[in-house]
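Report on one structure; see the data block that follows.
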Amino acid sequence: MNVLLLRDVAAVLLAGGAGERLHPLTKDRAKPAVGFGGPYRIIDFTLSNCVNSGLRKIFIATQYKAQSLNRHVRMGWNIVNTELGEFVDVLPPQKRVGENWYLGTADAVYQNLYSISQEQPRWVIILSGDHIYKMDYGKMLDVHIARGAVLTVGAIEVPLTEARRFGVLQVDEDSRVTGFQEKPASAAPTPWNAENCLGSMGIYIFDFDVLSRELSRDAEASTTHDFGRDIIPHLVSSGERVYAYLFWDENKKTSKYWRDVGTLDAYYEASMDLIAIDPIFNLYDPEWVLRTYQPQFPPAKFVFNEDGRRGLAIDSLISMGCIISGSE
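Residues in the sequence shown are numbered consecutively from 63, following our numbering.
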């Protein structure tokens, strides 16, 4: 990806979810602010993707219980160079276009169109702040530009039996999107695998002029103001050039790691993905550094070398400041 082109990209992270299915972890904080994998917050993975991809103009749209998230971003993500026009800005509901809070994912971006437009981007990448994965967004932008797309949707292959958990893309042999259903009871398979369908990752790259036009149109319509339910289906049915970008591992011939940790079971399972000798999601990757705010805690400590009091930690991640004793 041409570094100069990345200067024409603005990233918008949607981080306003209440995370009711993650309760009690979200009792006092928004879902993207929940801890994961030791020192990290869930939002750190998407923010790290942005920085590692070369994106330096980042908006974070917040809403529910945002205080701890705001503090974390302020203290841990002040690493960009503002003198070069770089920023990580938190955007609470502006009420610039009305008195409502965010009414949906599309409305969250619409209410902040003024702030986004001030950066004069050619492209806008819409991201969710509550997923666990590593992704170079520059590669997806390359494909978006090469195809002449107005919208590109990040996608993974999922079994047909899991279709109801996803927005599902129907595509042709060239990955052009021909249909979109939000969490259908049944879904059409991909052209190349009869057992799988394409699930949306909630990652969208828009040409900015198309995004602005569609959000303004949707704001005047009686819709749910949601990208999956309203914006994408309208663009597809209008014959616009909408494509899927398959998040694919060519070596393993399967979709790369991506997890929605929106439920306690999913959160636990993703946590267990971190602890193997060769984990399927590796926190120790020097080629893709994961950043966060690190409080000044002392090292972890194991105490009492006596039967019944000896602390053991196998297949575990131990964060700084922990004292382990009398458990296994």
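Ideal Cβ placement from N, Cα and C applies to all residues, glycine included.
Among the options, the one whose alpha carbon lies nearest that of residue i
i: residue 372; options: 378, 379, 388 and 361; result: 388
i: residue 111; options: 349, 67 and 366; result: 349
i: residue 180; options: 285, 346 and 270; result: 270
i: residue 295; options: 262, 318 and 322; result: 262
i: residue 211; options: 267, 331 and 290; result: 267
i: residue 178; options: 219, 130, 152 and 256; result: 152
i: residue 318; options: 256, 98, 251 and 220; result: 220
i: residue 82; options: 92, 334 and 287; result: 92
Boundaries (first-last residue) of the beta strand (DSSP E) holding residue i
i: residue 150; result: 149-153
i: residue 189; result: 185-190
i: residue 71; result: 71-77
i: residue 124; result: 119-124
Straight-line gap, residue i to residue j (C-alpha atoms, nearest Å)
i: residue 353; j: residue 96; result: 15 Å
i: residue 369; j: residue 377; result: 21 Å
i: residue 100; j: residue 347; result: 15 Å
i: residue 80; j: residue 367; result: 44 Å
i: residue 215; j: residue 88; result: 28 Å
i: residue 146; j: residue 118; result: 9 Å
i: residue 310; j: residue 202; result: 11 Å
i: residue 172; j: residue 281; result: 8 Å
i: residue 183; j: residue 303; result: 19 Å
i: residue 251; j: residue 245; result: 14 Å
Residue range of the alpha helix (DSSP H) that includes residue i
i: residue 168; result: 167-172
i: residue 140; result: That residue, residue 140, is in no alpha helix (DSSP H); it is neither H nor E in DSSP.
i: residue 105; result: 105-114
i: residue 355; result: Counting along the chain, residue 355 falls outside any alpha helix (DSSP H), and DSSP gives it neither H nor E.
i: residue 376; result: Careful: residue 376 lies outside any alpha helix (DSSP H) and carries neither H nor E.
i: residue 178; result: 175-179
Neighbour-count burial assignment, residue i, 16 or more Cβ in a 10 Å radius
i: residue 162; result: exposed
i: residue 197; result: buried
i: residue 385; result: exposed
i: residue 190; result: buried
i: residue 326; result: exposed
i: residue 264; result: buried
As an exercise, report each continuous beta strand (DSSP E) stretch of at least 3 residues that is fully enclosed by the stretch 275-341, in chain order.
Positions of the beta strand (DSSP E) runs, each at least 3 residues long and wholly inside the stretch 275-341, are given as 304-308 and 320-322 in order along the chain.
Taking only runs that begin and end inside the stretch 196-283, name each unbroken alpha helix (DSSP H) of 4 or more residues, in chain order.
199-209 and 270-281
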